[in-house]
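K.L.:
Okay, handing you the structure first.
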Amino acid sequence: MLSVYIKTYGCQMNERDSEAVAAQLVARGYALAPTEQVADVVLINTCSVRDMAEQKAIGKMQTVIGQARKKRPDQIYGFMGCMAQSRGQSLIDQLPDVDLVLGTQKFHRAAEYLDDIFAGRRDKIVDTDVEEDSEAKIREHILPGGGEKAVTAFVSIMQGCNQHCTFCIVPFTRGEERSRSIPDIVAECRDLASRGVREVTLLGQIVTSFGKRDIPLKDGRSAFVQLIEAVHEIEGIERIRFTSPHPKGYGDDLVEAYARLPKLVESAHLPVQSGSDRLLKAMHRGYTRERFVNLVGKLRAVKPGMGITTDIIVGFPGETEEDFADTLSLCSEVEFDMAFGFKYSPRRDTPAAAMPGQLSEELIEERHQRLLTVINDLAARKYERYVGRQVQILVEGVSRRNAARFEGRTSCNKIVVFPGSERHRGQLLDLRIERVGHYTLYGDPAIHLD
Ligand code: SAM
Numbered sequence: 071m072l073s074v075y076i077k078t079y080g081c082q083m084n085e086r087d088s089e090a091v092a093a094q095l096v097a098r099g100y101a102l103a104p105t106e107q108v109a110d111v112v113l114i115n116t117c118s119v120r121d122m123a124e125q126k127a128i129g130k131m132q133t134v135i136g137q138a139r140k141k142r143p144d145q146i147y148g149f150m151g152c153m154a155q156s157r158g159q160s161l162i163d164q165l166p167d168v169d170l171v172l173g174t175q176k177f178h179r180a181a182e183y184l185d186d187i188f189a190g191r192r193d194k195i196v197d198t199d200v201e202e203d204s205e206a207k208i209r210e211h212i213l214p215g216g217g218e219k220a221v222t223a224f225v226s227i228m229q230g231c232n233q234h235c236t237f238c239i240v241p242f243t244r245g246e247e248r249s250r251s252i253p254d255i256v257a258e259c260r261d262l263a264s265r266g267v268r269e270v271t272l273l274g275q276i277v278t279s280f281g282k283r284d285i286p287l288k289d290g291r292s293a294f295v296q297l298i299e300a301v302h303e304i305e306g307i308e309r310i311r312f313t314s315p316h317p318k319g320y321g322d323d324l325v326e327a328y329a330r331l332p333k334l335v336e337s338a339h340l341p342v343q344s345g346s347d348r349l350l351k352a353m354h355r356g357y358t359r360e361r362f363v364n365l366v367g368k369l370r371a372v373k374p375g376m377g378i379t380t381d382i383i384v385g386f387p388g389e390t391e392e393d394f395a396d397t398l399s400l401c402s403e404v405e406f407d408m409a410f411g412f413k414y415s416p417r418r419d420t421p422a423a424a425m426p427g428q429l430s431e432e433l434i435e436e437r438h439q440r441l442l443t444v445i446n447d448l449a450a451r452k453y454e455r456y457v458g459r460q461v462q463i464l465v466e467g468v469s470r471r472n473a474a475r476f477e478g479r480t481s482c483n484k485i486v487v488f489p490g491s492e493r494h495r496g497q498l499l500d501l502r503i504e505r506v507g508h509y510t511l512y513g514d515p516a517i518h519l520d
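Just so we're aligned, residue 71 is where the sequence shown starts under my numbering, counting upward by one.
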């Protein structure tokens, strides 16, 4: 029996794509190898959002090949995903041991191409072409524990991005926006629910653009809200999350959905990127700071406990100390529950890479550190307020922080660790928060408040 090891870099969409490839290969009789050393096939699913992510994936492949080539001359190596899409054949030119380069619309062809390579029908395969309907091909799941034990699952609802933010490579690596049909997504979620899944996270580069071109508004509600409503109907699904939305995609219909649909979690990841209107314009984001703050206000008016997280880019070309101060002040004004701070990385073919005013690495690093301090301080204060409060979590399983404990997440996406057992898995459980750690709450199910 052949075995495969898949290493994934990047976002949840990449995780989901890797899971679908693993499911496809398992269905073809492959085993999932625990390490790259013992695998017959090593696939690296790559991210292109920042240069560092690309370098990591290339470095990893070099190490794997360097360590294994002499001992395992038959081992097969493949790159998949965003960097495979954008670099194509040049990856084989750089690393001649690589056998397969699979673009972002070709994940479903992994098994077929590996068959060709093993059978000697083809030597090297590079496929980064556009493929119609590829958005509907990421649908098979590998649920841990034979299917019974997975409580949460990612569901890919669309591919591609049409936003063309000036810093971002994604439209080049993921192509034009294409959405699956609502019945197809609902069927997948139903199947997951029947296998024990209680929470689904709907995934796309810009989920709020779901179905924009193909599915008409219904009673003023967007295709994305119609999708949430349809998933909401599924028995067994207790919670619905989604990521990533675009702030400008948050119409009143979506804000109102939080009030109307109890399974829609009290959590929103709203990538703001900057607090400076000047930079938001240069980034081509399509909203102002004021509009963003208003949106947060609307969401909190509907759900006061709403957890709001964000992405911020530090060191966009031309960023002045004043622009950066605007970003810091926005963080304090909004009080994000958590924020990912990204150091700006020039990406090939993006307009920002050619803009004047590129900042030095030292300056970007210094601002990044200052941003992290502000974000972490704000979050720590926010988490501290949970002590003594009762929260409800969906128990996901053994804690990743402490294998002797269990963990789950609140509706507003806070991880809570508690002394639990297998019987708690998949339950909605009330806990009292006793203490806080770094982006973690610690609770006790034995203590009940009135
Ligand atoms: N849906 C998101 C949005 O509204 O922009 C896009 C998701 S993107 C793949 C994840 C994050 O990577 C972005 O929100 C942005 O903060 C960061 N990012 C994208 N391009 C970047 C670049 N060139 N340098 C640094 N960070 C970048």
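Built from N, CA and C at the ideal position, the CB exists for glycine as well.
Regarding Asp-163 and the ligand SAM, is the C-beta to nearest heavy atom distance less than 6 Å?
P.N.:
Not under cutoff, so the answer is no.
K.L.:
Inspect the CB distances between the region 274 to 289 and the region 184 to 204 and report whether three or more fall short of 8 Å.
P.N.:
Counting Cβ pairs under 8 Å, fewer than three are found: no touch.
K.L.:
To which residues of the same chain is Glu-218 closer than 8 Å at the C-beta, ignoring the five residues directly before and after it?
P.N.:
Unreliable positioning characterises Glu-218 in this predicted model, as indicated by a pLDDT of 49, which lies under 50. A coordinate reading is not provided.
K.L.:
How long is the line joining the alpha carbons of Leu-369 and Val-295, rounded to whole angstroms?
P.N.:
Cα to Cα, Leu-369 sits roughly 15 Å from Val-295.
K.L.:
Quick check: the Cα distance between Gln-155 and Arg-417, rounded to an integer number of angstroms?
P.N.:
Gln-155 and Arg-417: Cα-Cα distance of roughly 14 Å.
K.L.:
Can you list, in chain order, the stretches of the beta strand (DSSP E) that have 3 or more residues and sit fully within the region 442 to 511?
P.N.:
With a minimum length of 3 residues, the continuous beta strand (DSSP E) runs that stay inside the region 442 to 511 are 460 to 468, 476 to 480, 485 to 488 and 498 to 507.
K.L.:
Suppose you measure from the CA of Ser-279 to the CA of Cys-235; what does that come to, to the nearest Å?
P.N.:
Whole-angstrom Cα-Cα distance: 15 Å.
K.L.:
Give me the DSSP bridge partner(s) of Leu-184.
P.N.:
Leu-184 pairs with nothing; no bridge assigned.
K.L.:
Does DSSP put Asp-144 in a helix, in a strand, or in coil?
P.N.:
In this structure, Asp-144 counts as coil in the three-state DSSP scheme.
K.L.:
Are the region 440 to 447 and the region 479 to 494 touching, with three or more C-beta to C-beta distances below 8 Å?
P.N.:
With the cut-off at 8 Å, the region 440 to 447 and the region 479 to 494 do not touch.
K.L.:
I need the boundaries of the alpha helix (DSSP H) containing Glu-269, first residue and last residue.
P.N.:
Where Glu-269 is concerned, there is no enclosing alpha helix (DSSP H), although the beta strand (DSSP E) it sits in stretches over 269 to 273.
K.L.:
Roughly how far, in whole angstroms, is the beta-carbon of Ile-208 from the beta-carbon of Asp-87, given that I think they are within contact range, below 8 Å?
P.N.:
Yes, they are in contact, since the Cβ atoms of Ile-208 and Asp-87 sit about 6 Å apart, within 8 Å.
K.L.:
Compute the distance between the beta-carbons of Asp-169 and Tyr-147, then report whether it is under 7 Å.
P.N.:
Closer than 7 Å, so yes.
K.L.:
Hey, quick one: how far does the alpha helix (DSSP H) through Tyr-328 stretch, first residue to last?
P.N.:
That run of the alpha helix (DSSP H) goes 322 to 330.
K.L.:
I need the straight-line Cα distance from Lys-282 to Val-457, nearest angstrom please.
P.N.:
Between Lys-282 and Val-457, the C-alpha separation is close to 42 Å.
K.L.:
Contact between the region 381 to 390 and the region 76 to 96: three or more CB pairs below 8 Å?
P.N.:
Touching, no.
K.L.:
If you measure from the CB of His-339, is any heavy atom of the ligand SAM nearer than 6 Å?
P.N.:
Outside the cutoff, so no.
K.L.:
Hey, Phe-237 and Met-353: beta-carbon distance below 7 Å or not?
P.N.:
A contact, by the Cβ cut-off of 7 Å.
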